[in-house]
Amino acid sequence: MNYTIQLFDFFHRLDENNNRPWFHEHKDEYDFLRECWLKDIDKLLALMTQWEPDLAGQTAKNCVYRIYRDTRFSPDKTPYKRFFSAAFSPWGRKTNRACYYLQMGVTDPDRHLNSGLYGGMWCPDSDMLRKVRTAIVDNDEEFSEIIENKEFKSIFPDFDLGDKLKTVPRGFDKNSKFAEILKMKNIGKYCPAGEAFFTREDWVEETARRFSLLKPFIDFINYSIDEEM
Numbered sequence: 001m002n003y004t005i006q007l008f009d010f011f012h013r014l015d016e017n018n019n020r021p022w023f024h025e026h027k028d029e030y031d032f033l034r035e036c037w038l039k040d041i042d043k044l045l046a047l048m049t050q051w052e053p054d055l056a057g058q059t060a061k062n063c064v065y066r067i068y069r070d071t072r073f074s075p076d077k078t079p080y081k082r083f084f085s086a087a088f089s090p091w092g093r094k095t096n097r098a099c100y101y102l103q104m105g106v107t108d109p110d111r112h113l114n115s116g117l118y119g120g121m122w123c124p125d126s127d128m129l130r131k132v133r134t135a136i137v138d139n140d141e142e143f144s145e146i147i148e149n150k151e152f153k154s155i156f157p158d159f160d161l162g163d164k165l166k167t168v169p170r171g172f173d174k175n176s177k178f179a180e181i182l183k184m185k186n187i188g189k190y191c192p193a194g195e196a197f198f199t200r201e202d203w204v205e206e207t208a209r210r211f212s213l214l215k216p217f218i219d220f221i222n223y224s225i226d227e228e229m
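Mind the numbering: the sequence shown is residues 1 to 229 in our numbering, read in order.
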């Protein structure tokens, strides 16, 4: 049996029984499923390193997030996430630079993120965001070529908007063809990928292939952040 089928079954049961006694009762099952998943994440990293050599040296344990929720500032006090997630970058999961992100499971009502594949920068500081917005405008042909690439656009059709300004930020042309992107507080692309995708036998290989399409987009953002202004 493909363990990811069992994994999604576990997430659905956890969603209905999100409490510590139930989780403790099923801890052995959770530990088994997580170990299987960590092995696949290491396999995914090895495949990604073939076209993203800066990932060399990263391991699954550097990239994956805990299942335990931080409930301090949330009205939802359920203790566990309903999904597994990981961020891939040369800095592991601890970065606010552009990276690759994977989430598989049941949508968490606190985060409003769906199961799928993501690429971009989330929660950047104001200086980072200003640099990327400026780079988009100053390199409009290069950026357009990246986001309008036919295969890239077909796999990652949507920007993951999150919070967004009501108007184009000061200092930028409100009539810019990138006006809606310039309003974004997070700049990232999203590929829907749910239970049917992650229970495929080749989900690791296909995830690596789809992530590879994000590389020019990720590189553009991180180059923009590093560039001296």
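Beta carbons: idealized from backbone N, C-alpha and C, even for Gly. Being a predicted model, the structure only gives us computed values, none of them experimental.
Run the CB neighbour count on residue i, radius 10 Å, all protein chains shown included, and call it buried at 16 or more, exposed below.
i: Ala98; result: buried
i: Met229; result: Low confidence applies to Met229: its pLDDT is 45, below 50, so where it sits in the model is not reliable enough to give any reading.
i: Glu52; result: buried
i: Lys39; result: exposed
i: Ala56; result: exposed
i: Gly171; result: exposed
i: Asp202; result: exposed
i: Asp160; result: buried
i: Gln50; result: exposed
i: Arg20; result: exposed
i: Asn175; result: exposed
i: Asn2; result: exposed
Could you name the residues of the same chain whose beta carbon sits closer than 7 angstroms to that of residue i, not counting the 5 residues immediately before and after it, in chain order?
i: Tyr65; result: Ser85, Ala86 and Arg93
i: Lys77; result: Thr71
i: Glu151; result: Leu213
i: Ala208; result: Leu44, Leu47 and Met48
i: Cys36; result: Tyr3
i: Phe83; result: Phe11, Gln103, Met104, Gly105, Val106, Asp108 and Ser115
Skipping 5 residues on each side, what residues in its chain have a beta carbon closer than 6 angstroms to that of residue i?
i: Phe198; result: Thr4 and Met104
i: Glu195; result: Phe8
i: Lys164; result: Lys183 and Met184
i: Asp158; result: Tyr190
i: Asp54; result: Pro90
Which residues in the same chain have their Cβ closer than 8 angstroms to the Cβ of residue i, if we skip the five residues on either side of it in sequence?
i: Phe178; result: Ile136, Val137, Asp140 and Phe143
i: Asn149; result: Leu213 and Pro216
i: Tyr80; result: Leu14, Asn18, Phe23, Ile67, Tyr68 and Arg69
i: Ile218; result: Ala98, Cys99, Tyr100, Gly119 and Gly120
i: Leu33; result: Tyr3, Gln6, Leu7 and Phe10
i: Val168; result: Lys174, Ser176, Ala179, Leu182 and Lys183
Can you determine whether any heavy atom of the ligand COA sits closer than 6 angstroms to the C-beta of residue i, and answer yes or no?
i: Trp51; result: This structure lacks the ligand COA, and indeed carries no ligand of any kind.
Assuming residue i is part of the alpha helix (DSSP H), what are its boundary residues?
i: Ile67; result: Where Ile67 is concerned, there is no enclosing alpha helix (DSSP H), given that its DSSP letter is neither H nor E.
i: Met48; result: Lys27 to Thr49
i: Ser176; result: Taken as a continuous stretch (DSSP letters only), Ser176 belongs to no alpha helix (DSSP H), as it is neither H nor E.
i: Tyr3; result: Tyr3 to Glu16
i: Phe197; result: Glu195 to Phe198
i: Lys131; result: Ser126 to Asp138
i: Leu214; result: Trp203 to Asp226
Taking C-alpha atoms, which residue in the options lies nearest to residue i?
i: Ala60; options: Asp54, Phe32, Leu45 and Arg69; result: Leu45
i: Thr95; options: Ile155, Glu35 and Cys123; result: Cys123
i: Lys189; options: Thr167, Glu145, Gly116 and Asn222; result: Gly116
i: Leu102; options: Met128, Tyr223, Ile221 and Phe211; result: Phe211
i: Glu230; options: Phe10, Arg130 and Pro21; result: Residue 230 falls outside the range modelled here, since the chain spans only 1 to 229, and no answer is possible.
i: Pro90; options: Asn2, Val106, Pro169 and Cys63; result: Cys63
i: Ile155; options: Cys191, Val168, Lys166 and Met128; result: Cys191
i: Asp127; options: Thr107, Asn222 and Asp31; result: Asn222
i: Arg130; options: Gly162, Glu205, Glu227 and Lys153; result: Glu227
On the premise that residue j lies in contact with residue i, defined as a C-beta separation below 8 angstroms, what is that separation, rounded to the nearest angstrom?
i: Ile225; j: Val132; result: 7 angstroms
i: Phe220; j: Ile146; result: 6 angstroms
i: Ile187; j: Met121; result: 6 angstroms
Starting from residue i, trace the beta strand (DSSP E) in both directions and tell me its first and last residue.
i: Ser85; result: Phe83 to Phe88
i: Lys189; result: Ile187 to Pro192
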